Amino acid sequence: MATTASASSEEPDYDKPRRNKGKRRSRGDGGLHWDEKRRRWIATITIGYTPAGKRITRKGSGRTKTEAKNKLKENLRDHEDGLAVAPHNYTVADAVRDWLQYGLVNRDEDTVVKCRSLAQNHIIPELGARKLRELSADDVDRWLGRKAKSLSTDTLRQLRSILKRAINRAQARDKVKRNVVLLCEVPQGKEGRPSKSLTIDQAAAVIRAAERTAMYAYIVLSLLVGARTEELRALTWAHVDLEGRPDAEPPVPPSIRVWRSVRRGGKTKTKKSRRTLALPKRCVEALRFHRDLQAGQREKAGTAWKEHGLVFASAVGTERNANNVLRSFRTVLKKTDLDPDDWTPREMRHSFVSVLSDAGVPIEEISRLAGHKSTEVTETVYWHQIRPALLGGAEAMDEVFPEEDHEP
4 MATTASASSE EPDYDKPRRN KGKRRSRGDG GLHWDEKRRR WIATITIGYT
54 PAGKRITRKG SGRTKTEAKN KLKENLRDHE DGLAVAPHNY TVADAVRDWL
104 QYGLVNRDED TVVKCRSLAQ NHIIPELGAR KLRELSADDV DRWLGRKAKS
154 LSTDTLRQLR SILKRAINRA QARDKVKRNV VLLCEVPQGK EGRPSKSLTI
204 DQAAAVIRAA ERTAMYAYIV LSLLVGARTE ELRALTWAHV DLEGRPDAEP
254 PVPPSIRVWR SVRRGGKTKT KKSRRTLALP KRCVEALRFH RDLQAGQREK
304 AGTAWKEHGL VFASAVGTER NANNVLRSFR TVLKKTDLDP DDWTPREMRH
354 SFVSVLSDAG VPIEEISRLA GHKSTEVTET VYWHQIRPAL LGGAEAMDEV
404 FPEEDHEP
C-alpha cells in the first residue's frame with residue numbers, strides 16, 4: 004500500500020518551493036515565485052500595458068510568501084491612491100546625481116560647476132547613502148543643523164534648494180511619494196566673510212604688481228571702470244574702442260561696451276548692466292599693452308589658438324573660467340603686502356565704488372557706472388563704501404590713477 008508524504012517534509016517558505024501542481028492562475032492574476040539568487044519570495048501582478056504593449060507590473064518581495072504578498076498589497080494600495088513607489092535601492096545620491104545630469108540643462112557653466120561642487124562636497128557624502136523613500140524631515144533638519152556650524156546662511160539655502168529640486172525630479176518620476184525637504188527651514192548659518200574694498204594706496208600697489216603681466220589690464224579695468232568679472236571674461240575686442248572720436252562735437256572718449264557676460268545666453272546681470280563706459284587713460288594704456296601681449300600669445304600658440312575675439316582669453320584663445328582668474332589674481336597679490344587668501348576679484352569692483360565715492364562722485368552716477376538696477380541696490384550692497392560725493396566719471400579716476408610712462 005502506497006504511503007503519503009508527511010506534511011513535515013514540505014520545505015519552509017524561505018526555501019525553494021516544490022513545483023505547484025495545482026490549478027494555474029488566470030492571466031493577470033499575478034504570481035508567486037522563489038528567487039534563488041536573492042533568496043526571497045517575489046509576488047508579481049500585472050496592472051496594465053504600455054502603449055507599445057509592454058506589460059506593466061508591480062512586485063513585492065519578502066523572506067516568506069506572506070511577507071511578499073503583503074508587500075505587493077502595500078505597493079498596489081499606493082498605486083491605486085496615485086502615490087509613487089520608490090525602488091528599494093534608490094538612494095538620495097541617485098536622485099541628486101540624476102538631477103545634476105538632467106536637471107541643469109541650459110544653465111550657466113558656473114552654475115553647473117557650483118551645484119556639482121555643493122552636491123559632491125556636502126549632500127552626497129552625508130545623505131547620499133540614505134534610501135530616498137526612508138529620508139525624513141528630521142534627517143534633513145539634523146543635516147542642515149550640522150552644516151550651519153561651518154557654512155553661511157546663503158550656502159545652506161543653496162544646499163536645501165539643490166536637495167529639494169533633486170527630490171522634486173525624483174517625485175515627478177515615481178521614485179518617492181513626497182518631498183520632505185519642503186517641511187524643513189534653513190537655519191541661521193555661520194556669519195559670512197564681509198565684503199571689503201582696497202584703499203587707494205592698496206589699489207595702487209596691486210596695479211603696480213600687475214604691470215607687464217596678463218592680469219594687468221584685467222585688474223586696471225576692474226578697479227577703474229568697475230566691470231564685473233563675469234563681464235570682463237566675456238568682453239570682446241569688437242566692443243573695445245581705444246581711439247574714440249576726439250574731433251567730434253562733443254568729443255567721444257575711448258570706451259568699452261559692456262553688453263555681454265558669461266551668463267547663459269551671454270546676457271548681463273540686469274538690463275541696466277548693459278552699458279557703455281568711458282575709459283580712463285590708464286585703461287587705454289593697459290588695453291594697448293594687453294593687445295600686444297595677446298598677439299605674442301597667439302603667435303606662440305600657433306595652430307592651437309582658438310580665435311573667439313576675447314580680450315581676456317586663455318593662452319590658447321578660449322574663455323577663462325572664474326577659478327583661473329582667481330588663481331592669477333592671487334598670484335599678483337603675492338607681490339604685495341596683502342594676504343592673497345583674503346581677497347577675490349569681485350572686491351576690486353567694491354574698491355571701484357569706494358574710490359569713486361571718496362572722489363566725490365554722486366550716488367546716482369556711481370550706480371549708473373556700476374550697472375546697478377537702481378541707487379537702492381548700490382546703497383544696499385555697497386553701503387560701507389558709499390560716502391558723500393560731488394564730482395563724476397572717468398575724469399575722477401584719471402586724477403586718482405594718472406597715466407604713467409613706461410619704458411618699452
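Following my numbering, the numbering of the sequence shown begins with 4 at its first residue and continues without gaps. For glycine and all other residues, C-beta sits at the position ideal for the given N, C-alpha and C. These numbers were taken from a predicted model, which means no experiment stands behind them.
Query, Result
"Helix, strand or coil: how does DSSP classify W262 here?", "coil"
"Tell me whether L313 is buried or exposed, calling it buried when 16 or more other Cβ atoms sit within 10 Å of its Cβ.", "buried"
"Are the CB atoms of V179 and R136 within a distance shorter than 9 Å?", "yes"
"Evaluate the contact criterion for the region 331-342 versus the region 207-214: three or more CB pairs, one atom per stretch, below 8 Å.", "yes"
"The alpha helix (DSSP H) with A325 in it runs from where to where?", "A325 to L336"
"Classify Y93 as helix, strand or coil using the three-state DSSP reduction.", "coil"
"Start and end of the beta strand (DSSP E) containing W37?", "G34 to D38"
"Taking the alpha-carbon positions, what's the V228 to F315 distance?", "16 Å"
"How many Å lie between E288 and T202 at the Cα?", "22 Å"
"Could you compute how far the alpha carbon of G283 sits from the alpha carbon of L245?", "In the sequence under discussion, the amino acid at residue 283 is Pro, which differs from the Gly named in the question. Going from the Cα of P283 to the Cα of L245 covers about 10 Å."
"Can you tell me whether L303 is buried or exposed, with buried defined as 16 or more other CB within 10 angstroms of its CB?", "According to the sequence shown, residue 303 is Lys rather than Leu. Exposed."
"Thinking C-alpha only, which one of C118, L138 and L75 is nearest Q161?", "C118"
"Under a Cβ-count criterion, where at least 16 other Cβ atoms within 10 Å of its own Cβ denotes burial, should A220 be classed as buried or exposed?", "buried"
"Output the boundary residues of the beta strand (DSSP E) element that contains K62.", "R58 to G65"
"Report buried or exposed for A55, applying the criterion of at least 16 other Cβ atoms within 10 angstroms of its Cβ.", "exposed"
"Helix, strand or coil for D16 per DSSP?", "With a pLDDT of 49 at D16, under the threshold of 50, the modelled position of this residue cannot be trusted; read the value that follows with caution. Looking at D16 - three-state DSSP - the assignment turns out to be coil, as it is neither helix nor strand."
"Across which residues does DSSP place Y105 in a beta bridge pair?", "DSSP, once it has assigned bridges, lists no residue as partnering Y105."
"Could you tell me which residues DSSP pairs with T321 in its beta bridges?", "DSSP, once it has assigned bridges, lists no residue as partnering T321."
"Just to confirm my understanding: we take T279, look at its own chain, exclude 5 residues before and 5 after, and list those with CB closer than 6 Å. What are they?", "S258 and R260"
"Going by other Cβ atoms of all chains shown within 10 Å of its Cβ, with 16 needed for buried, is N23 buried or exposed?", "Only weak support exists for where N23 lies, its pLDDT of 49 falling under 50; the coordinates are left without a value."
"On the DSSP letters alone, give me the boundaries of the beta strand (DSSP E) that A241 sits inside.", "Careful: A241 lies outside any beta strand (DSSP E) and carries neither H nor E."
"Output yes or no for whether 9 Å exceeds the beta carbon distance between V99 and L166.", "yes"
"By Cβ distance, which residues of its chain are closer than 8 Å to G131, with the 5 residues on each side in sequence left out?", "T94, V95, A96 and V99"
"Buried or exposed, going by whether 16 or more other CB atoms sit within 10 Å of the CB of P128?", "exposed"
"What residue from T47, W308 and L75 has the CA that sits closest to G320's CA?", "W308"
"Check L185 in the structure and name its three-state DSSP category.", "helix"
"Buried or exposed, going by whether 16 or more other CB atoms sit within 10 Å of the CB of H36?", "exposed"
"In the DSSP output, what is T425 paired with across the bridge?", "Nothing can be reported for residue 425, as the shown portion of the chain is limited to 4 through 411."
"Let's see if you can read the secondary structure: which residues bound the alpha helix (DSSP H) around T232?", "T232 to L235"
"Closest to G63 by C-alpha separation, out of W44, R291 and V115, would be which residue?", "W44"
"Which residue or residues does DSSP assign as beta-bridge partners of Y52?", "R58"
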